[in-house]
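Scroll down for the structure; my scribbles are underneath it.
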Amino acid sequence: MVSASVRLFRRRADPGIAPDSIHRWIIQRPHSTYLVRAEGRSMQGLGIHHGSLLVVDRGADLRDKDIVIAGCSDGFLVKQYREAPQRLVSAHPEYPDIVLSRAPEFDLDGVVIASLTKYRSPT
401 MVSASVRLFR RRADPGIAPD SIHRWIIQRP HSTYLVRAEG RSMQGLGIHH GSLLVVDRGA
461 DLRDKDIVIA GCSDGFLVKQ YREAPQRLVS AHPEYPDIVL SRAPEFDLDG VVIASLTKYR
521 SPT
């Protein structure tokens, strides 16, 4: 006779009414929204890691402390926008602030409204 033990996992209660789709929950303006993959580590302090998928809305109103996509001649950056004085801030101490009055070549392209980081690979 073989002895075996089985551990049962109980199903958790329904957490409540969920949005009908993640798309409708995150994206307010589909025609002005795009996805971009983050590179580097300058925003790790705010939970944006190398490889995170960012949902960017070009039509969103800009607010203090929003995470933004900023374009310049060298490409695009992901930074946090600060109003007074207007500057772009990293979430990592190794990256300096960019004061916009001293760097007029920067153009704010859109507001990051969500960040998706994948923790598990398909098996």
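Per our numbering, the sequence shown starts with residue 401, numbered consecutively.
Every residue, glycine too, gets a C-beta built ideally from N, C-alpha and C.
Q486 is a Cβ neighbour of S501, given a cutoff of 8 Å.
Beta bridge pairing from DSSP links I498 with L488.
Here A503 is exposed. Its C-beta has fewer than 16 other C-beta atoms within 10 Å.
In the DSSP assignment, I426 falls within the unbroken alpha helix (DSSP H) covering I422 to I426.
With contacts defined by Cβ atoms closer than 8 Å, S452 and A438 form a contacting pair. S515 has L454 as its beta-bridge partners, per DSSP. DSSP lists G471 as the bridge partner or partners of F476. Beta-bridge partners of G510 (DSSP): I469. Exclusion of the five residues before and after H449 leaves T517 as the residues of its chain whose Cβ lies within less than 6 Å of its Cβ. Judged by beta-carbon spacing, L462 lies beyond the 8 Å limit of V478, meaning their Cβ atoms are not closer than that value.
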